Amino acid sequence: MSLLAALLALVGCSSLILAPSDSAVQLADPGLDGRRPVEGVLSSATGCSIHYRLYKPAVAGTSAQASTLVILGHGFLRSQARMAGLAETIAAAGIPVATLDFCNMRFWDGQHQQNGLDMMALARHLGGVQPVIYVGFSAGALAALVAARNDPEALGAVTLDLVDAQGIGKRACTSGNHACQLLNPLQG
Numbered sequence: 000m001s002l003l004a005a006l007l008a009l010v011g012c013s014s015l016i017l018a019p020s021d022s023a024v025q026l027a028d029p030g031l032d033g034r035r036p037v038e039g040v041l042s043s044a045t046g047c048s049i050h051y052r053l054y055k056p057a058v059a060g061t062s063a064q065a066s067t068l069v070i071l072g073h074g075f076l077r078s079q080a081r082m083a084g085l086a087e088t089i090a091a092a093g094i095p096v097a098t099l100d101f102c103n104m105r106f107w108d109g110q111h112q113q114n115g116l117d118m119m120a121l122a123r124h125l126g127g128v129q130p131v132i133y134v135g136f137s138a139g140a141l142a143a144l145v146a147a148r149n150d151p152e153a154l155g156a157v158t159l160d161l162v163d164a165q166g167i168g169k170r171a172c173t174s175g176n177h178a179c180q181l182l183n184p185l186q187g
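Below is the structure:
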């Protein structure tokens, strides 16, 4: 759980460097460490194209950090550009992280379940079978929770401002589900 706690700390400390708007971020620009993310495309099970960027750490963290992949999802009707600052911060801490554009999200339907499956597909595409932490904001947080609930390699999910559409999040958090255990740093 210490890696999950470290991610939570990074999330809390990175609000000043998160992208102010989608149009203000040029993802091809170098990140915090001067490195450019690796860009790629993966097909969703629905046939649309999942565009992603992989932020690799300049300096590898501990063996636990280096062997864990973070998949980071954006909020409803946003893009991965909104998550670039957070992705760079996590990568600068020695943890590889990938952002993606949800290709199934429409104004009339968030397709949260499919977005979660797309996050899992990206994790398998990039890391094969390795520990993964799913992180997301708003609708991306719901997709992260769905992914963590269904992926046996998931260490957990970090959900930021989770929107629980149609009770999907509540159903994903059945009793005993490791993805839904709350981390409370005040409980020692």
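Going by numbering that gives the first Met the number 0, the residue at position 162 of the sequence shown is 161; the numbering climbs one at a time, nothing skipped.
Every residue, glycine too, gets a C-beta built ideally from N, C-alpha and C.
Note that the structure is predicted; figures quoted are calculated from it, not measured.
Taking C-alpha positions only, N149 is separated from V58 by approximately 31 Å. Straight through space, the alpha carbons of E152 and Q129 are spaced by roughly 6 Å. The beta carbon of G115 sits closer than 6 Å to those of A142, V145 and A146, all from its chain and outside the five residues before and after it, given in chain order. Classified as buried, T158 has 16 or more neighbouring CB atoms from the shown chains inside 10 Å of its CB. Ranked by how close their Cα comes to the Cα of H111, the residues Y51, G166, M82 and L85 have G166 in first place. Here Q79 really is in contact with L99; their C-beta atoms are around 6 Å apart, less than 8 Å. Annotated as distal: V96 and L121, with beta-carbon spacing of 9 Å or more. Taking Y133 as the centre and dropping the five residues before and after it, the same chain places the C-beta of I70, M118, A143, A146, A147, A153 and A156 closer than 7 Å to its C-beta, in chain order. By the criterion of a C-beta distance shorter than 8 Å, N103 is surrounded in its chain by S43, T45, C47, Q110, Q113, N114 and D117, once the five residues flanking it on both sides are discounted.
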